[in-house]
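Heads up, the thing below is written out as structure tokens.
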Amino acid sequence: MPSASSSSAPAASSSLSSGPKTLTQNSSIYDIAHTVWQQYLATTPQRTMLLDAFMGFLVLVGGVQFVYCVVGGNYPFNAFLSGFCAAVGQFVLTASLRMQTNAGEEGSGVSAERAFADYVFGSLILHFFCINFIN
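If you're matching positions, the sequence shown starts at 1 in UniProt numbering and goes up one per residue.
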């Protein structure tokens with residue numbers, strides 16, 4: 001009797017072809033990256049993807065500012081520090097907003113509206129200090 005139930009279990013799992021592709025231990029890096037990307041697109045809400053795109057933009061801006069400082073010089077060092085700190089600070093604030101509004105995790109006890117209000121208030125304070133630091 002146990003052998004009949006154990007032989008039907010693999011048949012049931014092999015008939016589920018609508019699920020995500022199963023990765024093996026010998027999967028290539030391309031297959032792993034493609035599977036992760038497809039799962040991200042399928043399971044991530046649009047609002048979270050928008051925050052992720054903005055965070056990617058902030059990384060690009062900070063990287064461009066750093067490369068320009070290294071290649072072109074950093075004569076107005078206050079301007080470089082202010083711009084770079086604004087990009088890094090905005091990235092941190094956006095990551096905090098993403099964590100607070102992520103629906104898949106356990107609730108942080110903060111509503112989405114409150115998290116966004118905190119984000120806007122923090123952004124205003126950050127940019128106020130950055131503009132004052134430039135002179």
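Heads up, the beta-carbon is just placed ideally off N, CA and C, and yes, glycines get one too.
The model shown is predicted, which means the values in this text are computed figures rather than measured ones.
Counted within 10 angstroms of its Cβ, other Cβ atoms place residue i as buried (16 or more) or exposed
| i | result |
| --- | --- |
| Gln39 | exposed |
| Leu23 | exposed |
| Ser82 | buried |
| Leu60 | exposed |
| Gln65 | buried |
| Gln90 | buried |
| Tyr119 | buried |
| Leu58 | buried |
First and last residue of the uninterrupted alpha helix (DSSP H) at residue i
| i | result |
| --- | --- |
| residue 153 | No information on residue 153 is available, as it lies outside the stretch 1 to 135 that the chain covers here. |
| Thr48 | Gln46 to Gly72 |
Residue i (DSSP reduced to helix, strand or coil)
| i | result |
| --- | --- |
| Gln25 | coil |
| Ser123 | helix |
| Val132 | According to the sequence provided, residue 132 is Asn. The question's Val does not apply to it. Three-state result, Asn132: helix. |
| Val110 | coil |
C-alpha gap between residue i and residue j, whole angstroms
| i | j | result |
| --- | --- | --- |
| Leu50 | Ser96 | 14 Å |
| Tyr75 | Val110 | 43 Å |
| Gly63 | Thr48 | 23 Å |
| Cys130 | Asp31 | 43 Å |
| residue 164 | Thr35 | In the structure as shown, the chain begins at 1 and stops at 135. Residue 164 is therefore absent and cannot be evaluated. |
| Asn135 | Ala86 | 15 Å |
| Phe80 | Gln25 | 45 Å |
| Ser123 | Thr94 | 9 Å |
| Ile29 | Phe128 | 44 Å |
| Asn132 | Asn78 | 10 Å |
| Phe54 | Ser27 | 31 Å |
| Trp37 | Met99 | 20 Å |
| Phe84 | Pro45 | 29 Å |
| Tyr68 | Phe121 | 30 Å |
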